[in-house]
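Chemist:
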Amino acid sequence: MSQSADIIIIGAGIIGAACAHELARRGLRVLVLDAGRRAATAAGMGHLIVLDDNPAELALSQYSLQRWRDWGRDMPADCAYRQNGTLWLAANAEEMAVAEAKYQVLREQGLDCQLLGAAALQAAEPELSQTLHGALKVGGDGILYAPNAARWLLQHAQIELRMARVVEIDHRRVRLDDGAWLSAEVLILANGVYARELCPELPLQAKKGHLLITDRYPGRVNHTLVELGYVTSAHNASGPSVAANIQPRPTGQLLIGASRQFDSEAPEVEPWMLGKMLRRAVDYMPGLAGLNAIRAWTGLRAASPDGLPLLGEHPQRPGLWLAVGHEGLGVTTAPGSADLLVAQLFGETAPLAPDAYLPQRFLGVAAHA
Amino acid sequence: MKVDILIIGAGPAGMAAALAAAPSGARIALLDDNPAVGGQIWRDGPQAHLPPQVHEQRRRLAAQSTIQLLTASRVIAQAGPKQLLVEDAACARVIEYDKLILCTGARELLLPFPGWTLPGVTGAGGLQALIKGGLPVAGERLVIAGSGPLLLASAATAQANGARVLQIAEQASWAAVAGFAAQLPRWPHKLLQALGLWHPGYRASSHVIAALGDSHLQAVRLSINGQVKEVPCERLACGFGLIANTQLGQALGCRIEHNSIAVDNWQASSQVDIYAAGECTGFGGSEKALVEGAIAGHAAVGDLAAARHLWPQRQRWQGFARALQHSFALGEPVKQLATPDTLICRCEDIALADLREHGGWTPAKLASRCGMGACQGRICGAATQVLFGWQPPAPRPPFSPARIDTLLQLGQPE
Chain A
1 MSQSADIIII GAGIIGAACA HELARRGLRV LVLDAGRRAA TAAGMGHLIV
51 LDDNPAELAL SQYSLQRWRD WGRDMPADCA YRQNGTLWLA ANAEEMAVAE
101 AKYQVLREQG LDCQLLGAAA LQAAEPELSQ TLHGALKVGG DGILYAPNAA
151 RWLLQHAQIE LRMARVVEID HRRVRLDDGA WLSAEVLILA NGVYARELCP
201 ELPLQAKKGH LLITDRYPGR VNHTLVELGY VTSAHNASGP SVAANIQPRP
251 TGQLLIGASR QFDSEAPEVE PWMLGKMLRR AVDYMPGLAG LNAIRAWTGL
301 RAASPDGLPL LGEHPQRPGL WLAVGHEGLG VTTAPGSADL LVAQLFGETA
351 PLAPDAYLPQ RFLGVAAHA
Chain B
1 MKVDILIIGA GPAGMAAALA AAPSGARIAL LDDNPAVGGQ IWRDGPQAHL
51 PPQVHEQRRR LAAQSTIQLL TASRVIAQAG PKQLLVEDAA CARVIEYDKL
101 ILCTGARELL LPFPGWTLPG VTGAGGLQAL IKGGLPVAGE RLVIAGSGPL
151 LLASAATAQA NGARVLQIAE QASWAAVAGF AAQLPRWPHK LLQALGLWHP
201 GYRASSHVIA ALGDSHLQAV RLSINGQVKE VPCERLACGF GLIANTQLGQ
251 ALGCRIEHNS IAVDNWQASS QVDIYAAGEC TGFGGSEKAL VEGAIAGHAA
301 VGDLAAARHL WPQRQRWQGF ARALQHSFAL GEPVKQLATP DTLICRCEDI
351 ALADLREHGG WTPAKLASRC GMGACQGRIC GAATQVLFGW QPPAPRPPFS
401 PARIDTLLQL GQPE
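If you read the sequences in order, they're chains A and B. The first sequence begins at 1 in full-length UniProt numbering and counts up one residue at a time. The second sequence begins at 1 in full-length UniProt numbering and counts up one residue at a time.
1. Between the alpha carbons of residue 69/A and residue 141/B, how many angstroms are there, rounded?
2. Is the segment 271-279 of chain A touching the segment 203-218 of chain A in the sense that three or more CB pairs, one from each, lie closer than 8 Å?
3. Taking all protein chains shown into account, do 16 or more other C-beta atoms lie within 10 angstroms of the C-beta of residue 34/A, making it buried, or fewer, making it exposed?
4. Thinking residue 188/A and residue 40/A are a contact (beta carbons under 8 Å), I'd like their distance in whole angstroms, please.
5. For residue 213/A versus residue 296/A, is the C-beta distance shorter than 9 Å?
6. Rounded to a whole number of angstroms, what is the C-alpha to C-alpha distance between residue 21/A and residue 154/A?
7. Tell me whether residue 234/A sits in a helix, a strand or coil according to DSSP, three-state version.
8. Just the chain B side, please: which residues come within less than 8 Å of residue 293/A by C-beta, in chain order?
9. For residue 105/A, decide whether its Cβ has a neighbour in chain B, counting only Cβ atoms nearer than 9 Å.
10. Which residues in chain A sit within 8 Å of residue 77/B, going by Cβ to Cβ distance?
11. For the candidate residues 124/A, 97/A, 327/A and 166/A, whose alpha-carbon lies nearest to that of residue 176/A?
12. Is there a Cβ from chain A that is less than 9 Å from the Cβ of residue 434/B?
13. Mind checking residue 215/B: buried by the 16 CB within 10 Å criterion, or exposed?
14. At 3 residues or longer, and completely inside the segment 291-361 of chain A: list those beta strand (DSSP E) runs for me, N to C.
15. Let me check understanding here. Comparing Cα to Cα, which of 389/B, 358/B, 357/B and 350/B lies closest to residue 371/B?
16. I need the straight-line Cα distance from residue 189/B to residue 317/B, nearest angstrom please.
17. Count the other CB atoms within 10 Å of the CB of residue 341/B; is the residue buried (16 or more) or exposed (fewer)?
18. Per DSSP, residue 267/A forms a beta bridge with which residues?
19. Using a cut-off of 7 Å between C-beta atoms, extract the partners of residue 410/B located in chain A.
20. Determine whether the Cβ of residue 364/A lies closer than 9 Å to any Cβ atom of chain B.
21. Starting from residue 34/A, trace the beta strand (DSSP E) in both directions and tell me its first and last residue.
22. Going by the C-beta, is residue 135/A closer than 8 Å to any heavy atom of the ligand ATP?
23. Which term fits residue 304/A, buried or exposed, when burial requires 16 or more other beta carbons within 10 angstroms of its beta carbon?
24. Within the continuous alpha helix (DSSP H) that includes residue 362/B, where are the two ends?
25. What residue range is occupied by the uninterrupted alpha helix (DSSP H) comprising residue 352/B?
26. Determine which residues of the segment 305-339 of chain A have a Cβ less than 7 Å from any Cβ of chain B, and write them out in chain order.
27. Shortest alpha-carbon distance to residue 129/A belongs to which of 285/A, 312/A, 338/A and 203/A?
28. Residue 367/B versus chain A: which residues are under 7 Å apart at the beta carbon?
29. When you compare each of 63/A, 37/A, 105/A and 141/A to residue 53/A by their alpha carbons, which one comes out closest?
30. Buried or exposed: residue 234/A, going by 16 or more other Cβ atoms within 10 Å of its Cβ?
31. At a Cβ threshold of 9 Å, is residue 11/A touching chain B?
32. Within a Cβ cutoff of 6 Å, which residues of the same chain sit near residue 127/B, ignoring the five residues on either side of it in sequence?
33. Between the segment 277-293 of chain B and the segment 307-323 of chain B, are three or more C-beta pairs nearer than 8 Å?
34. Kindly list, in the order they appear in chain B, the residues whose Cβ is closer than 9 Å to that of residue 36/A.
35. Using a Cβ cut-off of 9 Å (strictly closer), state whether residue 1/B contacts chain A.
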């Protein structure tokens, strides 16, 4: 069978697009197949954020943020890239101590950050509750509109985007739902939560999230506002949880999150969860209650057991490369994920140590060694 | 708040449903997003002249102590099983019900054409509503275009308030219009209505091409039976037909057929204890809405004999509805009016050229922001359905823009 391209990527979300972009830049012919299903890139907040739950997460997000800042200079306006910074909000003295510890960690990595006391926080964001103790400001964080950023990354003469659903992967070829087979030297699986359908052995769990957006209220909020409890209340919980996350969009709208559910993959907006999420946001920003909401929606994050993505060749399926399991951090870490994957493909030294992200940590060692 | 019967929409269908259900003694709430009952067709206002029948209906409603009117109220979300979250200007509340009757009516289909967003251009029904609400039109020159009997009704309202109607452009052919008129003797009251509304400027096989002007409407370019003609005027009212408001029914899981809420002989939807009546089950005018509403009201309180008694009357008006829909089906020319730079989404300023490349509503919305503005796709979603055949997705809460304060009332699952 003749090859359809040098590389076939399954999934045209932000991860697939970033991989395609990097491969095309190196002169490879890339065919990107997308099934047009609802997925995380379209549903997410587009928050570019440094997270430091563990050193590997910090390294990948910090590296990727720098890449977004570089790309940000060239991105068209409809990608809505802004470097507006994140404020991590401390509700009490205990959380203020967490903010200080986080400050130390990020400063050691050379990140632009700053501790704000209660008064400085009020001055920076007057809409916030006056009961807050302070905040950590991370200046290099940003926002973008991920669906258009993915489209921008795919605009390259070496990249062909085709709307098609892959139903089977067999060695170095894929079968589409119309029965056609396509082949390439390398296949990259980057279709988020749907990767489980093609590769059931992947340890991915869907975590449903709700989001809501308001009408336009320009100038009310400047930074992306995230409660420090985010780390404990949303990230590490096993039951349904919410955390305040308020993001000003360039349109003047406010995007409000966040929720996490493990037991529901249904696309419906669940009113009780929406109410719970909004009550949390209003605790932090009381004036939100008087604003008009215009739309709510949900999405699924594809999470790995340790919260880090799987980036590398499948140990038992040579030719199949994985770029999945980014949970809520896919948009942030897309550039770093692509660089890590492509460096491994080309046998080059990766810009970051790849070990923490290798699929082997869940899938075992190579069967073909 | 808990009621036996909650009726959404206080137009002809909702009013009739409430009055039919009331003798049972059931506690009834009748909710509408307008400040007064009457719906679109019997909208009240300083320049409205409502038929005596409407005043009678309103008196009867007010006389029933078991019927609570909740005007200027909107349904925002399903708060739980048989519970709707409702918002008005002052507050929000959850209403529990045993039976729900959806009488959510229809809205105007606005099809984009060059200049359709200029001040001075409105919907045909929209102009009627504005005039009833007090808009002065005396001495203004008016052109009306689109399809269906609403064009004549809109012209009559404008003329009664002193406007000069220069032209009425009906897109359907003379054969279709004549075929419809020939059937009217089956509904003598409608025939008389039509005769009373007849206008010398009425032309079939005619449609708008463009609204002309810089900052406001100055003239209209029309195709009158194939001939292009420019008519200087201050106002253009366009009505391309009605679209059933099915969103709430769809959100509650009711089956939708032919873009309407599907109902059985009892006006029951596919969902247990949810009924639907009037334009949301397929447009056909106030007479159909009244009888369907009454059937739904009787059926909801278990008075099946009274409901069945009205079936022949419903059949008669459903026949009228079929004749209407058949005669004034939209032809291809009015679906091709927009040019590449014509705005399709007014809220977000998205032009036809920005949309056409996309394969459906969701990808187009994600890439262009079409439908993401204040109206949430109510206008452009319907337009793209006609233009490209795109199906809008199932509605999600909040069903209408709502105060976040209202949404805070959404509680834990049962």
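Built from N, CA and C at the ideal position, the CB exists for glycine as well.
Modeler: The relevant details are as follows:
1. Translated into the one-based positions of the first sequence, residue 69/A becomes position 69. Translated into the one-based positions of the second sequence, residue 141/B becomes position 141. Computed Cα separation, rounded: 57 Å.
2. yes
3. Your numbering for residue 34/A matches position 34 in the first sequence. Residue 34/A comes out buried.
4. Start at 1 with the first residue of the first sequence, and residue 188/A comes out as number 188. Start at 1 with the first residue of the first sequence, and residue 40/A comes out as number 40. Actually they do not touch by this definition, with Cβ atoms about 17 Å apart.
5. Numbered from 1 along the first sequence, position 213 holds the residue referred to as residue 213/A. Numbered from 1 along the first sequence, position 296 holds the residue referred to as residue 296/A. It is a contact, given that the beta carbons lie within the stated cut-off.
6. Looking up residue 21/A in the first sequence gives position 21. Looking up residue 154/A in the first sequence gives position 154. If I take the Cα positions, the gap works out to 6 Å.
7. On the first sequence, position 234 is the one that residue 234/A refers to. Confidence at residue 234/A is low in this model, with a pLDDT of 49, below 50, so the placement of that residue should be treated as unreliable; the coordinate-derived value is given next. The answer is helix: DSSP assigns residue 234/A an H, G or I state.
8. Locating residue 293/A in the first sequence gives position 293, where the first residue counts as 1. What residue 293/A touches in chain B: 398, 401, 402, 403, 404 and 407.
9. Locating residue 105/A in the first sequence gives position 105, where the first residue counts as 1. False, the Cβ-Cβ gap to chain B never drops below 9 Å.
10. Along the second sequence, read from residue 1 onward, the residue named residue 77/B stands at position 77. Correct list: 271 and 274.
11. Start at 1 with the first residue of the first sequence, and residue 176/A comes out as number 176. Checking every option, the nearest Cα to that of residue 176/A belongs to 166/A.
12. What is shown of chain B runs 1 to 414, which leaves residue 434/B out entirely.
13. Within the second sequence, the letter at position 215 stands for residue 215/B. So residue 215/B counts as exposed.
14. 292-303, 310-313 and 320-324
15. Here residue 371/B corresponds to residue number 371 of the second sequence, with the count starting at 1. That would be 350/B, whose Cα lies nearest to the Cα of residue 371/B.
16. Taking the first residue of the second sequence as position 1, residue 189/B is located at position 189. Taking the first residue of the second sequence as position 1, residue 317/B is located at position 317. Each residue's alpha carbon lies about 12 Å from the other.
17. Position 341 of the second sequence, counted from the first residue, corresponds to residue 341/B. By the neighbour-count rule (16 or more Cβ atoms within 10 Å), residue 341/B is not buried but exposed.
18. Translated into positions along the first sequence, residue 267/A becomes position 267. Answer by DSSP bridge pairing: none, since residue 267/A is not bridged.
19. Start at 1 with the first residue of the second sequence, and residue 410/B comes out as number 410. Within 7 Å Cβ-Cβ: 271, 272, 274 and 275.
20. The sequence position of residue 364/A within the first sequence is 364, counting from 1. No, its Cβ sits nowhere closer than 9 Å to a Cβ of chain B.
21. Within the first sequence, numbered from 1, the residue matching residue 34/A stands at position 34. Run containing residue 34/A: 30-34, per the beta strand (DSSP E) assignment.
22. Ligands displayed in this structure: none; no statement on the ligand ATP is therefore possible.
23. Counting from one through the first sequence, the residue named residue 304/A turns up at place 304. Its Cβ being crowded by 16 or more others within 10 Å, residue 304/A is buried.
24. Within the second sequence, the letter at position 362 stands for residue 362/B. Looking at the DSSP string, the run of the alpha helix (DSSP H) that includes residue 362/B is 361-368.
25. Position 352 of the second sequence holds residue 352/B. Here the alpha helix (DSSP H) through residue 352/B covers 352-355.
26. none
27. Mapped onto the first sequence, residue 129/A falls at position 129. Closest option to residue 129/A, Cα to Cα, is 285/A.
28. On the second sequence, residue 367/B is found 367 positions in, with the first residue counted as 1. The answer, in chain order, is 147, 148 and 151.
29. Residue numbering aside, residue 53/A sits at position 53 when the first sequence is read from its first letter. Looking at the Cα atoms, 105/A is the closest of the given residues.
30. In the first sequence, counting from the first residue as 1, residue 234/A sits at position 234. With a pLDDT of 49 at residue 234/A, under the threshold of 50, the modelled position of that residue is not reliable, and no figure is offered here.
31. Sequence index remark: in the first sequence, residue 11/A carries index 11 (1-based). No, residue 11/A lies away from the interface with chain B (no Cβ there is under 9 Å from its Cβ).
32. Along the second sequence, read from residue 1 onward, the residue named residue 127/B stands at position 127. Once the five neighbours on either side are set aside, the close Cβ partners of residue 127/B are 154 and 237.
33. yes
34. By one-based count along the first sequence, residue 36/A stands at place 36. Per Cβ cutoff of 9 Å: 359, 360, 362 and 363.
35. Position 1 of the second sequence holds residue 1/B. Not an interface residue.
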